[in-house]
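Read through the structure below, which is laid out as structure tokens, and then see the notes.
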Amino acid sequence: MNLAQLPTESRNPATEHIDQLPTLEMLRVINEEDAKVAQAVAAELPHIAKAVDEIARRLEDGGRLFYIGAGTSGRLGVLDASEIPPTFSVRSTLVQGIIAGGDSALRKSSEQSEDSAEQGAADLAAAGFTGQDALVGIAASGRTPYVLGALEHANPLGAVTIALTCVSNSPISAIADITIAPITGPEVLTGSTRMKAGTATKLVLNMISTGVMIKTGAVYGNLMVNLAPTNAKLIDRARRIIIAATGVNEPIAAELLEKSNNSVKTAIVMQKLNLDRLTAEARLAAHHGNLSALLRQI
């Protein structure tokens with residue numbers, strides 16, 4: 486592939502003289518370019534929805550979600566994966582991020598690691614990836630060998646594979662089951678895909694992980710009812726979630742949280758269905774922890 490022909494590597498005519506602009510005007514130009522990102526992501530919503538539904542199905546059947554990438558793409562995948570357990574109180578292995586060069590590459594650049602397709606496959610295999618799982622290969626350019634190798638490893642296993650890129654008709658798209666390709670165009674700084682492409686990638690990953698958690702029952706309305714109240718801030722948030730879901734006052738919410746063994750979901754079921762903790766826990770378990778599904782039957 487001729488990298489010079491990629492949109493993400495092309496020179497942006499709107500920013501050719503950005504180094505000569507006053508600071509405010511320089512920032513205005515950057516902001517105008519950033520404003521194009523959300524539109525590019527919006528054009529991919531049908532493909533993102535397809536990915537969310539397929540990943541959710543895999544997770545409900547016991548599978549996991551893996552992100553893999555190099556450089557900025559890898560860091561964004563690891564970031565999104567690392568935020569899922571504290572946000573939704575799921576096990577840390579449910580959503581995993583793999584970056585070329587290993588965890589040290591999160592802080593110290595290891596860009597040369599992206600050139601090995603064999604290492605991408607090996608890293609995915611070492612993580613225990615199986616045919617039950619889902620893989621999102623992230624590469625702004627759509628051609629990173631490390632990501633290609635991982636996708637090629639995943640396909641024969643029967644796993645669902647998703648390409649997340651910012652160019653059309655890319656090599657990773659050619660071998661993935663689903664392609665998400667927000668076309669963000671030339672960067673403010675030529676080739677600096679940590680900017681618009683990185684922003685688009687973060688927006689898409691937000692949608693994928695949040696959408697999957699919603700579909701699998703980790704959310705009630707727009708409330709994070711899987712929240713684990715492990716510090717003062719989260720205890721306060723847990724009480725406020727109980728108040729919002731049930732209409733009780735703060736003292737009762739605090740009491741419910743304590744009686745529920747610090748389970749927001751259990752506290753809500755106890756209040757709404759007038760149940761003791763053990764019975765509420767059993768009712769939730771019968772609905773696989775899905776609070777919305779349980780309460781819709783009232």
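Heads up, the numbering used here is the position in the sequence shown plus 485, with the first residue counted as 1. Glycine included, C-beta positions come from ideal geometry on N, C-alpha and C.
Open item on the list: For a test of the three-state rule: what should DSSP assign to A730, helix, strand or coil?
Closed with: Here DSSP, grouped into helix, strand and coil, assigns A730 to helix.
Task: contact_flag[the stretch 732 to 739, the stretch 709 to 716] where n(CB pairs < 8 Å) is 3 or more - done: The stretch 732 to 739 is not in contact with the stretch 709 to 716.
Open item on the list: Considering only DSSP beta bridges, list what F551 is partnered with.
Closed with: Paired residue(s): Q581 and L620.
Task: Rounded straight-line distance, which links the Cα of G706 to that of Q597 - done: If I take the Cα positions, the gap works out to 44 Å.
Open item on the list: By the three-class DSSP mapping on this structure, what secondary structure does I647 have?
Closed with: For I647, the secondary structure class from DSSP, reduced to helix, strand or coil, is strand.
TODO: Please name the residue in D504, A625 and A771 whose C-alpha comes closest to that of N654.
DONE: Closest by alpha carbon: A625.
TODO: Kindly indicate the opening and closing residues of the beta strand (DSSP E) around I665.
DONE: First-last of the beta strand (DSSP E) with I665: I663 to I665.
Task: Which listed residue (E743, L719, P531 and A619) has its alpha carbon closest to that of D546 - done: Looking at the Cα atoms, A619 is the closest of the given residues.
Task: Between the CA atoms of G554 and T465 - distance to the nearest angstrom - done: In this structure the chain extends from 486 to 783, so residue 465 is not present and cannot be described.
Task: Enclosing alpha helix (DSSP H) for T572 [first to last residue] - done: Counting along the chain, the unbroken alpha helix (DSSP H) around T572 starts and ends at G556 to F573.
TODO: Kindly identify the DSSP beta-bridge partner or partners of L708.
DONE: Listed as beta-bridge partners of L708 by DSSP are Y705.
TODO: Please name the residue in T629, K757, L719 and L763 whose C-alpha comes closest to that of I660.
DONE: Distances from the CA of I660 to each of T629, K757, L719 and L763 were compared; the closest alpha carbon is that of T629.
TODO: Pull up the CB-CB distance for A606 and H638, whole angstroms please, since I reckon it's below 8 Å.
DONE: About 4 Å; that satisfies the 8 Å criterion.
Open item on the list: Within a Cβ cutoff of 7 Å, which residues of the same chain sit near R496, ignoring the five residues on either side of it in sequence?
Closed with: Apart from sequence neighbours up to five positions away, the residues of its chain that approach R496 with a beta-carbon distance below 7 Å are P671 and T675, ordered along the chain.
Task: Residue from D608, D662, T508 and Q524 with nearest C-alpha to L688 - done: The shortest C-alpha separation from L688 is found at Q524.
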